[in-house]
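Peer 1: Okay, handing you the structure first.
Residue numbers (the UniProt record's numbering): 1 to 439.
So this is what it looks like as structure tokens:
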């Protein structure tokens with residue numbers, strides 16, 4: 001087969017698809033890295049580390065302003081990630097190869113630094129592969145790598161490391177999600193927060209739990225974690241619980257990541273989302289391939305649960321900071337249905353590189369809206385801090401309009417049960433574009 005060559009870096013690829021992905025997601029032009037600074041939105045002081053900025057705000061400014069800083073910091077972090085992405089350099093290193101520092105001279109700091117950068121690049125490239133079903137690292141291999149990493153950082157003891165290592169395969173195969181990932185009872189706490197200068201607040205059903213990524217699945221499983229959050233809400237709704245758990249409703253444990261992989265493969269075998277099945281090379285079990293809303297749609301449809309996937313594109317406007325106002329208004333209107341229907345479930349939110357779960361909104365008296373979002377990347381330790389001090393720590397869930405800067409966002413909505421005559425059509429996964437206002 002004749003190879004194709006990138007005109008910028010002259011790297012060769014086996015087909016045009018790989019070349020187009022390389023050109024879209026990898027920067028192959030050499031450039032000096034420019035560091036992004038972080039500006040305090042209250043006093044405009046400049047910092048070069050987001051954690052230092054957060055400490056500065058907590059110590060120097062009133063706690064009531066922390067949520068504003070969180071929103072601003074998140075927007076700045078998005079800008080930093082975009083810049084890093086544009087400066088990402090193509091490299092030829094095989095991601096499966098191990099990088100050893102033991103053979104290097106102790107004083108060769110520059111060479112060690114280069115190898116560390118290669119290791120970071122390799123991890124980024126693996127994430128790129130995960131997105132398109134090309135990763136060869138298994139669930140077990142990645143978990144062992146993560147375990148070694150946290151042990152080397154002294155985050156766990158030798159005894160705990162040995163314990164986890166000996167029962168790693170058993171932990172992965174467990175059909176139920178581990179308690180270390182799960183935080184319960186958060187929606188009622190959010191509902192009791194004082195309104196202050198808010199006009200109103202809307203939330204999903206109180207049973208929705210937060211699922212944090214842990215060392216067992218960190219770095220690739222955000223789609224599964226958001227699926228688990230959605231299931232935690234559906235399991236307590238009698239309309240859906242028997243379809244999800246059969247007649248054994250009393251045992252409504254949340255399926256683990258490995259069990260969800262099996263359920264998605266069962267949906268594929270039943271004919272749902274054949275295109276997605278091919279894209280992921282017909283195999284998910286024991287892999288670290290990313291999933292998105294289409295895999296969730298296929299899995300739920302196989303269980304006779306109807307969903308709708310909506311596309312929200314960024315309008316062409318000079319004010320990019322408020323371009324997605326129509327998305328926020330749609331989300332507000334969705335959660336306001338709770339006044340008439342007590343079965344409002346969370347929304348699965350997908351955008352380039354990550355997915356999250358929308359559990360509600362808050363609208364200020366001035367009119368603007370912010371979202372309440374469960375993010376799998378939020379550590380359980382931060383969730384526990386919120387539970388201990390919710391008034392000061394609610395910023396961990398709050399996201400403003402200014403933090404939404406991606407070209408397109410997708411929202412997955414649960415829409416009831418599939419009728420028998422709808423099941424065949426549901427095998428073809430489709431999305432619907434939401435029109436801009438007044439268009």
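Where is the CB? At the ideal position from N, CA and C, for every residue including glycine. Since we're looking at a predicted model, the values are computed, not measured.
1. Any contact between the stretch 294-313 and the stretch 406-420? By contact I mean 3 or more CB pairs, one from each, below 8 Å.
2. How long is the line joining the alpha carbons of residue 250 and residue 237, rounded to whole angstroms?
3. Using C-beta distances below 7 Å, list every residue in its chain close to residue 355, excluding the 5 sequence neighbours before and after it, in chain order.
4. Quick check: the Cα distance between residue 387 and residue 213, rounded to an integer number of angstroms?
5. In whole angstroms, what is the alpha-carbon distance linking residue 333 and residue 393?
6. Would you check if the stretch 417-425 and the stretch 292-304 touch, i.e. whether three or more CB-CB distances between them fall below 8 Å?
7. Quick one: complete beta strand (DSSP E) runs, 3+ long, within the stretch 193-256?
8. To the nearest angstrom, how far is the alpha carbon of residue 117 from that of residue 138?
9. Could you tell me which residues DSSP puts in a beta bridge with residue 428?
10. Please check the pair residue 373 and residue 357, which I expect to be a contact at CB under 8 Å, by giving their CB distance rounded to whole angstroms.
11. What's the gap between the Cα of residue 147 and the Cα of residue 425?
12. Suppose the cutoff is 8 Å on Cβ atoms and the five residues either side in sequence are ignored; what does the same chain contact list for residue 335 look like?
13. Classify residue 428 as buried or exposed, calling it buried when 16 or more other Cβ atoms lie within 10 Å of its own Cβ.
14. Excluding the five sequence neighbours on either side, which residues of its own chain have a C-beta within less than 8 Å of the C-beta of residue 365, listed in chain order?
15. So residue 142 packs on residue 288, CB below 8 Å; how close in whole Å?
16. Kindly indicate which three-state DSSP category residue 324 falls into: helix, strand or coil?
17. Between 206, 254, 279, 283, which has its C-alpha nearest residue 266's C-alpha?
18. Find the nearest neighbour of residue 155 within the set 187, 166, 181, 215, judged by alpha-carbon distance.
19. Please list, in chain order, all residues of the same chain as residue 140 whose beta carbon is under 8 Å from its beta carbon, the five residues on each side excluded.
20. Look at the alpha carbon of residue 180 and the alpha carbon of residue 242, and state the distance between them as a whole number of angstroms.
21. Can you tell me whether DSSP reads residue 306 as helix, strand or coil?
22. In this structure, does DSSP put residue 280 in helix, strand or coil?
23. So which of 229, 277, 268 has the shortest CA-CA distance to residue 256?
24. With 16 as the cutoff for other CB atoms within 10 Å, does residue 370 come out buried or exposed?
25. Quick test of your reading: residue 390 and residue 187, contact by CB under 8 Å. State the CB separation rounded to the nearest angstrom.
26. Please return the same chain residues whose Cβ sits closer than 6 Å to the Cβ of residue 263, not counting the five positions on each side in sequence.
Peer 2: A quick look at the data gives this:
1. Contact between the stretch 294-313 and the stretch 406-420 is present, because at least three Cβ pairs lie under 8 Å.
2. Stepping through the chain shown from its first residue, residue 250 is reached at position 250. Stepping through the chain shown from its first residue, residue 237 is reached at position 237. Caution is warranted here: a pLDDT of 48 is assigned to residue 250, below 50, making its placement in the model unreliable, and the coordinate value is therefore given only provisionally. The alpha-carbon atoms of residue 250 and residue 237 are separated by roughly 13 Å.
3. Walking along the chain shown from the start, residue 355 turns up at place 355. Beyond the five residues adjoining it in sequence on each side, residue 355 comes within less than 7 Å, by CB distance, of 222, 223, 226, 292, 348, 349 in the same chain, given in chain order.
4. In the chain shown, residue 387 corresponds to position 387, counting from 1. In the chain shown, residue 213 corresponds to position 213, counting from 1. Cα-Cα distance, rounded: 18 Å.
5. By one-based count along the chain shown, residue 333 stands at place 333. By one-based count along the chain shown, residue 393 stands at place 393. Their backbone Cα atoms lie some 26 Å apart in a straight line.
6. Counting Cβ pairs under 8 Å, three or more are found: they touch.
7. Those beta strand (DSSP E) runs which fall completely within the stretch 193-256 and span 3+ residues are 198-203.
8. Reading the chain shown from its first residue, position 117 is the one you call residue 117. Reading the chain shown from its first residue, position 138 is the one you call residue 138. At residue 117, the pLDDT of 46 sits below 50, so the modelled position is not reliable and the matter cannot be decided from this model.
9. Here residue 428 refers to the residue found at position 428 when the chain shown is read from its first residue. For residue 428, which the question treats as bridged, DSSP gives no partner whatsoever.
10. By one-based count along the chain shown, residue 373 stands at place 373. By one-based count along the chain shown, residue 357 stands at place 357. Sure, about 7 Å apart at Cβ, within 8 Å.
11. As a first step, residue 147 is located in the chain shown; it is residue number 147 there, counting from the start. As a first step, residue 425 is located in the chain shown; it is residue number 425 there, counting from the start. Near 43 Å, if we compare the C-alpha coordinates of residue 425 and residue 147.
12. Position 335 of the chain shown, counted from the start, is the residue given in the question as residue 335. Sequence-distant Cβ neighbours of residue 335 in its own chain, meaning closer than 8 Å and more than five residues away, are 202, 203, 204, 344, 360, 361.
13. The sequence position of residue 428 within the chain shown is 428, counting from 1. By the 10 Å Cβ count, residue 428 comes out exposed.
14. The sequence position of residue 365 within the chain shown is 365, counting from 1. Closer than 8 Å at Cβ, skipping near neighbours: 197, 198, 199.
15. Sequence index remark: in the chain shown, residue 142 carries index 142 (1-based). Sequence index remark: in the chain shown, residue 288 carries index 288 (1-based). Going by Cβ atoms, the distance from residue 142 to residue 288 rounds to 5 Å, so yes, they are a contact pair.
16. Within the chain shown, the letter at position 324 stands for residue 324. Looking at residue 324 - three-state DSSP - the assignment turns out to be coil, as it is neither helix nor strand.
17. On the chain shown, position 266 is the one that residue 266 refers to. The shortest Cα separation from residue 266 among 206, 254, 279, 283 belongs to 283.
18. Along the chain shown, one-based indexing puts residue 155 at 155. Between residue 155 and the set 187, 166, 181, 215, the nearest pair of CA atoms involves 215.
19. Along the chain shown, read from residue 1 onward, the residue named residue 140 stands at position 140. Taken in chain order, the residues that qualify are 168, 169, 172, 286.
20. Mapped onto the chain shown, residue 180 falls at position 180. Mapped onto the chain shown, residue 242 falls at position 242. Distance between the alpha carbons of residue 180 and residue 242 is about 26 Å.
21. Reading the chain shown from its first residue, position 306 is the one you call residue 306. Three-state result, residue 306: strand.
22. Walking along the chain shown from the start, residue 280 turns up at place 280. For residue 280, the three-state secondary structure derived from DSSP is coil.
23. The sequence position of residue 256 within the chain shown is 256, counting from 1. The option with the nearest alpha carbon to residue 256 is 229.
24. Within the chain shown, the letter at position 370 stands for residue 370. Answer is buried; the Cβ neighbour count reaches 16.
25. As a working mapping, residue 390 is identified with position 390 in the chain shown. As a working mapping, residue 187 is identified with position 187 in the chain shown. 12 Å between Cβ atoms; not a contact.
26. Along the chain shown, one-based indexing puts residue 263 at 263. Same-chain partners within the cutoff: 299.
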